[in-house]
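2 protein chains.
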Amino acid sequence: MALYVQKFGGTSVGSVERIKKVAERVGRFRKEGHDVVVVLSAMSGETNRLLALAEEIHKTPSPRELDMLISTGEQVTIALLAMAMEQQGIPATSYTGAQVGIVTDKSYNKARIKKIDTESVSSDLKAGRVVVVAGFQGVDEEGNITTLGRGGSDTTAVALAAALKADECQIYTDVDGVYTADPRICSKANRLEKITVEEMLELASLGSKILQIRAVEFAGKYQVPLRVLSSFEDNEGPGTLIVADSEEQNSMEDPLISGIAHHTNEAKITILGAPDIPGVAAKILGPISDANIEVDMIVQNVSPNGESTDFSFTVGRGDYTKAYSLVEECVAEMGAGRILGDNAMAKVSLVGVGMRSHAGVASLMFKTLAENSINIRMVSTSEIKISVVIDEKFTELAVRTLHSAFGLDKSE
Amino acid sequence: MALYVQKFGGTSVGSVERIKKVAERVGRFRKEGHDVVVVLSAMSGETNRLLALAEEIHKTPSPRELDMLISTGEQVTIALLAMAMEQQGIPATSYTGAQVGIVTDKSYNKARIKKIDTESVSSDLKAGRVVVVAGFQGVDEEGNITTLGRGGSDTTAVALAAALKADECQIYTDVDGVYTADPRICSKANRLEKITVEEMLELASLGSKILQIRAVEFAGKYQVPLRVLSSFEDNEGPGTLIVADSEEQNSMEDPLISGIAHHTNEAKITILGAPDIPGVAAKILGPISDANIEVDMIVQNVSPNGESTDFSFTVGRGDYTKAYSLVEECVAEMGAGRILGDNAMAKVSLVGVGMRSHAGVASLMFKTLAENSINIRMVSTSEIKISVVIDEKFTELAVRTLHSAFGLDKSE
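Line order of the protein sequences matches chains A and B.
First residue of the first sequence? That's 15 in our numbering, and the numbers climb one at a time after it.
First residue of the second sequence? That's 15 in our numbering, and the numbers climb one at a time after it.
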């Protein structure tokens, strides 16, 4: 008999009917003899409803009061789920973050968990009760309610699993696992049975927004087996297990790459012939960052003559116009450089711990793209990832052909 | 400079606009230099919305989970009001019942306050902050959230005022005070400047549902000056002050009566000629009570021959048919008695500490009713109250003529 921490997100508890379904699912685990701790988000839409009320009152409300307000969302769902468990004859107790002893620092709206007191949870589990915990929230050492930031319920679940030494932390979502590529554009995408934390981190930050990055990091750090599964009744499968990566797992049997992520709506700005002097990158990116524009990829090359440099970066398409004009100002100030811009770009990334020991990934990738007449506009690499920027219109073609080339297609 | 505890009910915080109005009102007190602790209910309708969600899941949910659920209502309003105070430039901090240290017993849904830890409130007040406290809720000694029952926010306010030794506890409502009679049926009704706790208790239980009875009792017990005022902008007046009654206040100058309460939708059932033996009253009322029917007035007279008794009681009109049939069964069982019933009755009550020292109240009351051809069907008295049951159609006539007869009419 195992101990599971099961997390259900806002869509999974978005209505009374769905809450009853969650209770049934948890009940099945309980009836099999497993101990279950459930972590819940607020009903979908509730947090936004509360934020809208706050905004009508104060444009920049006190972060403490904001946390006081939005933490009510999860408190509602935990009480309702505990009732639904009892309706099924399964004893259950709900706890707010404060009650369960999730102590955080004082950073309202984006607090970090410092410690968890598992005493009451453990004694409830021993007494045969299902424990239902409010995700996303905690309490600082003075008793003020804090929240962990959007998606923080995943972190609550992983942290509880670590503190309770649970056998598995199961994150129920609206997808049934992590795929080798986005199934919406690549019909041959496969569900991965297993993926390493490192790979998951690269995939998550690239747009496969299944799990909160912090939760994945946490799982890696505390060696919590983390599983992503579907919360939909008609899609019960084993999901994808995210394992803490270790050297042993990086064996010759590992596939070259685990998955292909893509991200559209990118824009690219290039400054040709900028003076090749120290601090030029900071000079160009400083105003961009001051304007709160997030920069993704950055590539710099020394020009052939060694006196000037070509500098490129990508931003979200929505920030393109603003970023372009900031760069124009900068170039005017420097008195050198020519600007090229394109706001219809996409990023396609190959991710896999297997590529650590295989030099040939990049060349197979470039060859495949070339065979399909897809121009590469920018390249960036990390130890387990290669990202290329291409014209947006080629996104689907690139993902599908790379998927085949790297042997990821599912066998029919 | 005084310390005020101000309580605003669900209607007063029923929308963002109304919350802003409350913030303005509290702000005015603060700017005059007073310390203010605000106690809030949930936005009107919110508690019922949450209860409806619970009912969809479980007909009789666990009382603990119900309190977990509905206590979120006040948590939302306190955060929003604290934001609205800050929007006005007035520092404010909100506290849940648990945070402010309102410790109760373990009777979920109807908990009683055991103690209040005022440390954080006092230090916030000293620092010049407005303190906003969630009404209606507390926490038991094990940290479980409890609620005080419907209307419990009044009790929270009075208890906080007592613990903080506040100069006044102000309950803002949708009426501007306590009246000598219901102004809707008696146009000459006067707002009372002052009323004793004892009188208020009799008036409240008779249908002038302005304040929760427990809160009034609490105010009497702890000698908290309690004021009822209007929360509406266009109706700012001094309201009515409810004072702990003491012998001194019961002086010759006291008016004979303070107010007239009335209650329609009453039904009366009489058993004539019941056997005059011990336990007959219990025999008749036992089944009524078992059926959860609330009995209000009970009157019993020995019959002239001393062998049988006439026994009358009143119930709400909605319970009349059920009660009548239960009495029929009982009479059949006893083999004696005749039943009379009437389901169109009203109760009119005179209340006043002044009547303690004046024997003439009853005779003036009966004479006035007789002059207006109003038959008295039942009489019941307490030290500071006389209630009569009359035909419902005479209710308004009775209230108006008694109001004039006892000198309560406002001078034009």
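Backbone N, C-alpha and C fix where the C-beta goes; we use that ideal spot for every residue, glycine too.
As the structure is a computational prediction, the values presented were derived from the model and not from experiment.
- In this structure, the CA atom of residue 115 of chain B is about 7 Å from the CA atom of residue 132 of chain B.
- Residues of the region 31–51 of chain A with a Cβ closer than 8 Å to any Cβ of chain B, in chain order: 33, 34.
- In the DSSP assignment, residue 389 of chain B falls outside any beta strand (DSSP E), carrying neither H nor E.
- Leaving aside the five residues that flank residue 129 of chain A on each side, the residues in its chain whose CB is nearer than 7 Å to its CB run, in chain order, 117.
- Apart from sequence neighbours up to five positions away, the residues of its chain that approach residue 288 of chain B with a beta-carbon distance below 8 Å are 294, 298, 322, 323, 324, 325, 345, 348, 350, 351, ordered along the chain.
- Excluding its 5 nearest sequence neighbours in each direction, residue 402 of chain A has C-beta neighbours in its own chain below 6 Å: 362, 390, 393, listed in chain order.
- Listed along chain A, the residues sitting closer than 8 Å to residue 90 of chain B by beta-carbon distance are 64, 67, 83, 86.
- Using beta-carbon distances, residue 139 of chain A does not count as an interface residue toward chain B, since no partner is under 9 Å.
- Looking at B/273, B/252, B/188, the one whose alpha-carbon comes closest to that of residue 215 of chain B is B/273.
- Counting other Cβ atoms within 10 Å of its Cβ, residue 397 of chain A stays below 16 and is therefore classed as exposed.
- Of all alpha-carbon atoms in A/47, A/284, A/152, A/206, the one lying nearest the alpha-carbon of residue 366 of chain A is that of A/206.
- Rounded to the nearest whole angstrom, the CA to CA distance from residue 112 of chain A to residue 233 of chain A is 22 Å.
- When 7 Å is used as the limit between beta carbons, residue 151 of chain B is near no residue of chain A, the shortest such separation being about 12 Å.
- Nothing from the region 166–187 of chain B brings a Cβ to less than 7 Å from some Cβ of chain A.
- Residue 96 of chain A has its alpha-carbon roughly 38 Å from the corresponding atom of residue 50 of chain B.
- The three-state secondary structure of residue 114 of chain B, taken from DSSP, is coil.
- Under the three-state reduction of DSSP, residue 176 of chain A is assigned to helix.
- Residues of chain B with a Cβ closer than 8 Å to the Cβ of residue 100 of chain A are, in chain order, 72, 75, 76, 79.
- Between residue 93 of chain A and residue 57 of chain B, the C-beta gap is not smaller than 9 Å, which leaves the two residues out of contact.
- Here DSSP, grouped into helix, strand and coil, assigns residue 27 of chain A to coil.
- Residue 144 of chain B is bridged by DSSP to B/106.
- Within chain A, not a single residue places a beta-carbon under 9 Å from that of residue 162 of chain B; the smallest gap is close to 17 Å.
- Fewer than three Cβ pairs drawn from the region 181–191 of chain A and the region 133–147 of chain A lie within less than 8 Å of each other, which leaves the two stretches out of contact.
- Contact fails between the region 404–412 of chain A and the region 153–162 of chain B, because fewer than three Cβ pairs, one in each stretch, are under 8 Å apart.
- Judged by beta-carbon spacing, residue 21 of chain B lies beyond the 9 Å limit of residue 40 of chain B, meaning their Cβ atoms are not closer than that value.
- Counting along the chain, the unbroken beta strand (DSSP E) around residue 240 of chain A starts and ends at 240–244.
- Of the residues assessed, residue 60 of chain A falls on the buried side of the cut-off, its CB having 16 or more other CB atoms within 10 angstroms.
- The region 158–177 of chain A and the region 120–128 of chain A touch, with three or more beta-carbon pairs separated by less than 8 Å.
- Taking every protein chain shown into account, the CB of residue 357 of chain A has 16 or more other CB atoms within 10 angstroms, so this residue is buried.
- In the DSSP assignment, residue 193 of chain B forms a beta bridge with B/205.
- Residues of the region 333–367 of chain B that bring their beta carbon within less than 9 Å of a beta carbon in chain A are absent altogether.
- Using beta-carbon distances, residue 374 of chain A does not count as an interface residue toward chain B, since no partner is under 9 Å.
- DSSP places residue 183 of chain B inside the beta strand (DSSP E), whose first and last residues are 182–187.
- Close to chain A, meaning a Cβ-Cβ distance shorter than 7 Å, are the following residues of the region 103–134 of chain B: 108, 113.
- About 7 Å separates the beta carbon of residue 308 of chain B from that of residue 329 of chain B, a gap short enough to meet the 8 Å contact definition.
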